[in-house]
Amino acid sequence: MAVSKTVFKDREKEVKFWEKNYKKAWKSGKLLKVKFANNLSTAINVRLDPVALDIVREEAQKKGLGPTQLIRMWVMEKVNLL
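In this text, residue positions in the sequence shown follow my numbering: the first is 526, and each later residue adds one.
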């Protein structure tokens with residue numbers, strides 16, 4: 526992963542720069558056509574008993590995730606071990 530370099534010495538100088546140059550930078554920008562890949566995943570349904578679902582929800586909340594995100598992470602961790 527590339528390390529980003531900061532051109533500005535502090536946030537205030539960056540704010541002043543963009544307040545002054547925003548319109549100029551926006552007008553000089555070019556439109557790009559972007560093509561997105563088709564959905565590369567498939568959804569499945571998993572049945573959990575209420576107690577298990579509550580535990581998953583609690584763990585997900587601790588990590589700042591939704592329960593489905595956490596379950597997907599767990600599944601992918603196991604798949605990557607195969």
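We put the CB at the ideal spot given by N, CA and C, even for glycine.
Check: Distance CB(P575)-CB(A585) smaller than 8 Å; Outcome: no
Check: CA-to-CA distance, N546 to L595, given in whole angstroms; Outcome: 42 Å
Check: Selected residue, minimal CA-CA separation from S566, among M601, K530, L607 and L606; Outcome: M601
Check: Sequence-distant residues of the same chain with beta carbon closer than 8 Å to V581, five excluded per side; Outcome: L573, P592, L595 and I596
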